[in-house]
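Engineer: Heads up: the sequence shown runs through residues 0 to 194, numbered per numbering that gives the first Met the number 0.
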Amino acid sequence: MMLDTMRTTTLALLTFTALAAAACGSGGTGTGAGGSTSGSTTDAATASGAGGGATTGSTGGSGTSGATTSSGTGGAPEGTTITLTGVLCLDLATGATDSANPCKGDIVFLQGANVDLQSNGGAVPTFCAKPGTFQSLASIPKDYASCAWEAYVEGAVGLAKTGYVVRDAAGTHHYRFWIVDDKGSTITFQLEKID
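(1) Could you tell me how far apart the beta carbons of V152 and L116 are, in whole angstroms, since I believe they sit closer than 8 Å?
(2) Just mark D97 as buried or exposed, buried being the case when its beta carbon has 16 or more other beta carbons within 10 Å.
(3) According to DSSP, simplified to helix, strand and coil, what is V156?
(4) Leaving out the 5 sequence neighbours to the left and right, which residues in its chain are closer than 7 Å to E191 when beta-carbon positions are compared?
(5) Using 8 Å as the cut-off, can you tell me whether the stretch 154-170 makes contact with the stretch 114-131, which would need three or more C-beta pairs spanning the two stretches below that distance?
(6) Using a Cβ-Cβ distance cut-off of 7 Å, determine whether K103 contacts chain B.
(7) Check S138 in the structure and name its three-state DSSP category.
(8) My assumption, with CB atoms under 8 Å, is that L91 sits in contact with D167. Please give the rounded CB distance.
This is how it looks when you write it as structure tokens:
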């Protein structure tokens, strides 16, 4: 148990150090398929993710909230991986995450049997589920004219390879959202702006 705690803390500190160093450099470059790197931490969390594209590490809160993110949406098939240690919000336009309570963003990731998805606060319902399973982000239809928008998606049913059109809290911009994997406290997804 102590070894696991030390390993987790060391991994979180190494991740933060690497992210901070890249952010302080000349724009910082990601280790995956291009992109920038930045990060901050206020409390230890487990690091996870498979690089590529822009990477944002964000942990924090009161010890019961926070997460670690790793983005690979800039061409990497892995996508963005988030490992929850509490509630976390995602801003669709910027890809930034927030673990404050209440948090700022369009989508709230909640810990359940798997990661659940919820619209943030009084925002318009965010999720339009596309029927079937998908093997890529590009295979999810962009049409949302006849969507039955939902405010909550239950992770326990198994969300791997499901696709959605999601919209921001104001209901003005739409995105394709593909869940690559959703297991336990970790969700991996890809996101692409439609309009």
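Cβ atoms here follow ideal geometry from the backbone N, Cα and C, with glycine treated the same way.
Since the structure is predicted, the reported quantities are computational estimates derived from the model, not experimental observations.
Structural biologist: In this structure, then:
(1) Start at 1 with the first residue of the sequence shown, and residue 152 comes out as number 153. Start at 1 with the first residue of the sequence shown, and residue 116 comes out as number 117. Sure, about 4 Å apart at Cβ, within 8 Å.
(2) Translated into positions along the sequence shown, residue 97 becomes position 98. Under this definition D97 is a buried residue.
(3) In the sequence shown, residue 156 corresponds to position 157, counting from 1. Looking at V156 - three-state DSSP - the assignment turns out to be helix.
(4) Position 192 of the sequence shown, counting from 1, holds the residue named residue 191. When the five nearest sequence neighbours on each side are left out, the beta carbons in the same chain lying within less than 7 Å of the beta carbon of E191 are those of L136, Y174, R175, in order along the chain.
(5) yes
(6) In the structure shown, chain B does not exist; there is a single protein chain.
(7) Position 139 of the sequence shown, counted from the first residue, corresponds to residue 138. DSSP places S138 in helix when its eight states are reduced to three.
(8) Position 92 of the sequence shown holds residue 91. Position 168 of the sequence shown holds residue 167. Right, the Cβ-Cβ distance comes to about 5 Å (below 8 Å), so this counts as a contact.
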